[in-house]
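In terms of full-length UniProt numbering, the sequence shown is residues 1 to 330.
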Amino acid sequence: MEAELRELSDGLKWEKLVIVTGLRRYGKTSLILTYLNEEKLDNIFLDCRLLPPGMISMGSFLELLEAELTRKSWARRILSRVEGISISEIGIRFKERDLNSLISALHALEGKILVIDEAQELRRSRHRFDSIIAYAYDHLDLKIILSGSQVGLLYRFLRVDDPEAPLYGRPFKEVRMRKLSDEEAMDFLRKGFEQAGMKVSDDILEEARRFDGIIGWLTYFGFSMISNRESVEIIERRASKLAISELEHALRIYGLAEARYREALKVIATLERARWTRIKRGIEARIGKIPSNTLSSILSNLVDSGFLEKTEEGYKIADPVLRSGILRYW
1 MEAELRELSD GLKWEKLVIV TGLRRYGKTS LILTYLNEEK LDNIFLDCRL
51 LPPGMISMGS FLELLEAELT RKSWARRILS RVEGISISEI GIRFKERDLN
101 SLISALHALE GKILVIDEAQ ELRRSRHRFD SIIAYAYDHL DLKIILSGSQ
151 VGLLYRFLRV DDPEAPLYGR PFKEVRMRKL SDEEAMDFLR KGFEQAGMKV
201 SDDILEEARR FDGIIGWLTY FGFSMISNRE SVEIIERRAS KLAISELEHA
251 LRIYGLAEAR YREALKVIAT LERARWTRIK RGIEARIGKI PSNTLSSILS
301 NLVDSGFLEK TEEGYKIADP VLRSGILRYW
């Protein structure tokens, strides 16, 4: 990922905002952390997946920020002069968990890097976090990295192309993550096993092609091989169960409509690639009529969430491990 590292480095050199995008397990978080660690840059890293389900309050966001600030040794020094923040042996706490406290903390963090991982989760708040990001962009000496695996939802949240949106017109750099090529994937695995002092046959490495160059699954495969010496088949089955669990968690937000989302995914997984009309016929054969606008909304949401890709040949499951899980366990 040397090219992506250079893009991230150049982006932060010339812009105040960098957006790192890519589907699940494409290595966004690893890329960001590698860059920050190699450059030894002071940063605040907020993983929005740790926020509670449902609507996100300012209090829950500031709790996340408190926990991260407490982990940073330099934070006590720069926040000791900030009114409204208490510092003790227990950690760093905001006396009031409100917007003013957040703005005060952001001012104190000038000169640092703020990372908001899976930033699209902030759309679940009544607070306009895109406005807060725009304020920091306009008024503070603060570099900001936003990342998201649900690329459509991330851009829907940021609304960078909407003239009425707070971030409209602000220059930014986008770093797009990708799958590894076959050659890169094999090289990645060989080097990993060499570093772990483990010899793995070329036949086993060839079997790892089923993970389709997705660096997160390749890492999961390598770790499982080193830790448990399991077969590729067993590793893939466990990975597909994990992918299904994550999918089911994500679909819960659709309530009664979840059944239609499941059927759409089943039809697409079965056909491997499917056009809109074929998906509609497949769903209706299973559960009855579905309005055309409802199906379009379902497919759009699944693409925005990163579970589907739309290609010239039709819709496909973006992650082959997830497709395997749908076919096996649904």
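Backbone N, C-alpha and C fix where the C-beta goes; we use that ideal spot for every residue, glycine too.
Measure the C-alpha to C-alpha separation of residue i and residue j and round it to an integer number of angstroms.
{"i": "proline 171", "j": "leucine 17", "result": "7 angstroms"}
{"i": "threonine 193", "j": "isoleucine 204", "result": "One detail in the question is off: residue 193 reads as phenylalanine in this sequence, not threonine. So the alpha carbons of these two residues sit roughly 12 angstroms apart."}
{"i": "arginine 262", "j": "aspartate 42", "result": "43 angstroms"}
{"i": "asparagine 228", "j": "tyrosine 220", "result": "12 angstroms"}
{"i": "glutamate 118", "j": "isoleucine 19", "result": "11 angstroms"}
What residues in its chain sit with their C-beta under 7 angstroms from that of residue i, if we drop five residues either side in the sequence?
{"i": "isoleucine 214", "result": "Arg25, Tyr26, Lys179, Asp319"}
{"i": "leucine 106", "result": "Ala136, Leu140, Leu142"}
{"i": "isoleucine 87", "result": "Arg76, Leu79, Ser80"}
{"i": "leucine 109", "result": "Ile44, Leu142"}
{"i": "arginine 323", "result": "Ala269, Ile317"}
{"i": "aspartate 212", "result": "Lys179, Pro320"}
Apart from the five residues just before and just after residue i, which ones in its own chain have a Cβ nearer than 6 angstroms to its Cβ?
{"i": "leucine 327", "result": "Ala269"}
{"i": "glycine 314", "result": "Arg273, Ala274, Arg275"}
{"i": "leucine 69", "result": "Ala75, Ile92"}
Considering only DSSP beta bridges, list what residue i is partnered with.
{"i": "aspartate 212", "result": "In DSSP, aspartate 212 forms no bridge with anything."}
{"i": "arginine 71", "result": "None; arginine 71 has no bridge partner."}
{"i": "phenylalanine 45", "result": "Val115"}
{"i": "alanine 274", "result": "Tyr315"}
{"i": "glycine 148", "result": "Thr21"}
Let me confirm a value: residue i is counted as buried when at least 16 other C-beta atoms fall within 10 Å, else exposed. Which label applies?
{"i": "alanine 134", "result": "buried"}
{"i": "lysine 223", "result": "For clarity, residue 223 is phenylalanine in the given sequence; the question names lysine instead. Looking at its Cβ environment, which holds fewer than 16 other Cβ atoms inside 10 Å, phenylalanine 223 is exposed."}
{"i": "asparagine 100", "result": "exposed"}
{"i": "proline 291", "result": "exposed"}
{"i": "aspartate 130", "result": "buried"}
{"i": "isoleucine 144", "result": "buried"}
{"i": "tyrosine 329", "result": "exposed"}
{"i": "threonine 311", "result": "exposed"}
Could you work out which residue in the options is closest to residue i when comparing CA atoms only?
{"i": "isoleucine 226", "options": "Lys310, Ala196, Arg71, Ala3", "result": "Ala196"}
{"i": "aspartate 187", "options": "Val200, His127, Leu271", "result": "Val200"}
{"i": "leucine 218", "options": "Leu295, Asp98, Ser60, Glu183", "result": "Glu183"}
{"i": "glutamate 207", "options": "Gly216, Glu236, Ser181, Met198", "result": "Glu236"}
{"i": "glycine 11", "options": "Ser30, Gly84, Leu146, Asp138", "result": "Leu146"}
{"i": "glycine 325", "options": "Glu230, Ile234, Ala259", "result": "Ile234"}
Less than 8 angstroms between CB atoms is the rule here; does residue i satisfy it with respect to chain D?
{"i": "phenylalanine 223", "result": "Of the protein chains in the structure, only one exists, and it is not chain D."}
What residues in its chain sit with their C-beta under 8 angstroms from that of residue i, if we drop five residues either side in the sequence?
{"i": "aspartate 162", "result": "Tyr168"}
{"i": "arginine 278", "result": "Val267, Leu271, Gly314"}
{"i": "methionine 198", "result": "Met225, Ile226"}
{"i": "leucine 50", "result": "Leu64"}
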